[in-house]
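Enquirer: The opening position of the sequence shown corresponds to residue 1 in my numbering, with each subsequent residue numbered one higher.
Even glycine gets a Cβ: it sits at the ideal position worked out from N, Cα and C.
Owing to the predicted nature of the structure, the values given are computational and were not obtained by experimental measurement.
Before we start, here is the structure in question, set down as structure tokens.
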Amino acid sequence: LGIYNLRFLIRKAFPDHWTFMFGEIALYSFIILILTGIWLTMFFDPSMSETAYHGSHVPLQGITMSRAYESTLRISFDVRGGLFIRQLHHWSALVMIATLCIHMLRHFLTGSFRRPREINWLIGFVLLVVVTLEGFIGYSLPDDLLSGTG
């Protein structure tokens, strides 16, 4: 019984047009976001309590700032590979939102949101809204100038 289902899935026709890759790119971006988010969580302190900065970034030595911003600077300048992981997390979030928008637009323009796929369309739309809200919350976490004005 299981082998028959496996053969059915292997022989299933899948369109090979390049626009069908946007969903997979969004999935891979999500996986990168999960992995980098877990790594960043180990070093991030979301506290708003005030502290004086004494890290390796010389222009900010002795300046009073929140613990959230201080931990962001510590990740960027003192943790090995921290700035790379932060940038990877940032760009994966942007790529995920962009590919989800393009993916939803392709489904809308080709009419593939109609029956029997309307539940899939609604799940995708809810996912797009949730990802956009999570992106907004993620911008607010570091408590830097961009999070206050963005």
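Can the beta-carbon of residue 36 be found less than 8 Å from the beta-carbon of residue 85?
Expert: On the sequence shown, residue 36 is found 36 positions in, with the first residue counted as 1. On the sequence shown, residue 85 is found 85 positions in, with the first residue counted as 1. Their beta carbons are under 8 Å apart, which means residue 36 touches residue 85 by this criterion.
Enquirer: Could you compute how far the alpha carbon of residue 77 sits from the alpha carbon of residue 27?
Expert: As a first step, residue 77 must be located in the sequence shown, where it is residue number 77. As a first step, residue 27 must be located in the sequence shown, where it is residue number 27. Approximately 30 Å between the Cα atoms of the pair.
Enquirer: Residues bridged to residue 180 by DSSP?
Expert: Residue 180 lies beyond the residue range present for the chain, which begins at 1 and ends at 150; the question has no answer from this structure.
Enquirer: Taking the straight line between their C-alpha atoms, what separation do you get for residue 118 and residue 128?
Expert: Here residue 118 refers to the residue found at position 118 of the sequence shown. Here residue 128 refers to the residue found at position 128 of the sequence shown. Cα to Cα, the separation comes out at about 15 Å.
Enquirer: Just to confirm, are residue 79 and residue 44 a CB contact at a threshold of 8 Å?
Expert: For the purposes of this step, residue 79 is taken as residue 79 along the sequence shown, with counting starting at 1. For the purposes of this step, residue 44 is taken as residue 44 along the sequence shown, with counting starting at 1. No; because the gap between Cβ atoms is not below 8 Å, this pair is not in contact.
Enquirer: For residue 113 and residue 67, what's the separation of their Cα atoms in angstroms?
Expert: Along the sequence shown, one-based indexing puts residue 113 at 113. Along the sequence shown, one-based indexing puts residue 67 at 67. Residue 113 and residue 67: Cα-Cα distance of roughly 46 Å.
Enquirer: With DSSP as the reference, label residue 130 as helix, strand or coil.
Expert: Sequence index remark: in the sequence shown, residue 130 carries index 130 (1-based). Helix.
Enquirer: Using the Cα positions of residue 100 and residue 62, report the straight-line distance between them to the nearest angstrom.
Expert: Counted from its first residue, the sequence shown places residue 100 at position 100. Counted from its first residue, the sequence shown places residue 62 at position 62. So the two alpha carbons sit approximately 43 Å from each other.
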